[in-house]
Amino acid sequence: MSNIYLIGFMGSGKSTLGTLLSNSLNFNFIDTDKLIEKRNSMSISNIFKTKGELFFRNEETKIIKEIIKLNKTIVSTGGGMPCFNNNIETLNKYGKTIYLDYDIESLYLRLKEDNKRPLLNNKSLKKDIQELLNTRKKIYNKCNYTILCQNLNQDEVLREINALIISK
Ligand code: S3P
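First residue of the sequence shown? That's 1 in the working numbering, and the numbers climb one at a time after it.
Shown next as structure tokens:
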């Protein structure tokens, strides 16, 4: 069975959902951010600070090229991963991509207590989310499937993802 890629903005719950799904479906699980941190023995924030975003984006693309050779794997992607180096096209070609779609207000509420993301500044959080989401939305919309998550709780999102995986 082909891989499932969970796609979406920071704070969409990709890692938590990916872990839960992989356990219930008995799939392997890869969190691309965690893998990059492990390979570089450094947090994402430190990678951005010391090596720069371009380095990080290249790491993401390298990892995709490895992951597409696997199967039966749930992959939680970093929020920017599909938006660089034509990665979304690669993911769509070799697996199923699921966009976890939240509006700006929901993302703001989900992210406001969080300060470990190098691309967001807590002082201008809503504006940062708005600007980034505006540029990324057209890429996220290329995913094979979209789940409108903002009015769903975690179990409901899980159920929707499960239904997509099982029915396709
Ligand atoms: C990023 C999202 C982060 C992480 C990095 C860059 C982005 O992952 O990859 O900070 O560009 O949106 P999460 O979506 O898991 O927060």
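Every residue gets a Cβ at the ideal spot worked out from N, C-alpha and C, and that includes glycine.
- Remark: the shortest separation between the CB of Asp-33 and any heavy atom of the ligand S3P falls under 7 Å.
- For Lys-14, the Cβ falls inside the 7 Å cut-off from some heavy atom of the ligand S3P.
- Here Leu-100 carries a strand assignment [DSSP, helix/strand/coil].
- When DSSP reads this structure, Leu-6 sits in a beta bridge with Ser-76, Ile-98.
- The Cβ neighbour count for Thr-32, taken over all protein chains shown within 10 Å, is at least 16; the residue is labelled buried.
- Burial state of Met-81 is buried, judged by a 10 Å Cβ sphere holding 16 or more other Cβ atoms.
- In the DSSP assignment, Ile-30 falls within the beta strand (DSSP E) that extends over 28-31.
- Secondary structure of Leu-119 (DSSP, three-state): coil.
- The Cβ atoms of Asn-3 and Asn-71 lie closer than 8 Å to each other.
- Secondary-structure assignment with DSSP links Leu-148 through a beta bridge to Asp-101.
- A distance below 8 Å separates the beta carbons of Gly-8 and Tyr-140.
- Looking from the CA of Met-10, the closest CA among Ser-106, Ile-147, Ser-41, Ile-30 belongs to Ser-106.
- Non-local beta-carbon contacts of Phe-84 in its own chain, meaning distances under 6 Å to residues more than five positions away in sequence, involve Arg-57 in chain order.
- When DSSP states are grouped into helix, strand and coil, Gly-52 belongs to the coil group.
- The residue among Ile-98, Gly-13, Tyr-5, Ser-12 with its C-alpha nearest the C-alpha of Ile-67 is Tyr-5.
- When DSSP states are grouped into helix, strand and coil, Cys-143 belongs to the coil group.
- Residue range 14-25 is occupied by the alpha helix (DSSP H) that includes Lys-14.
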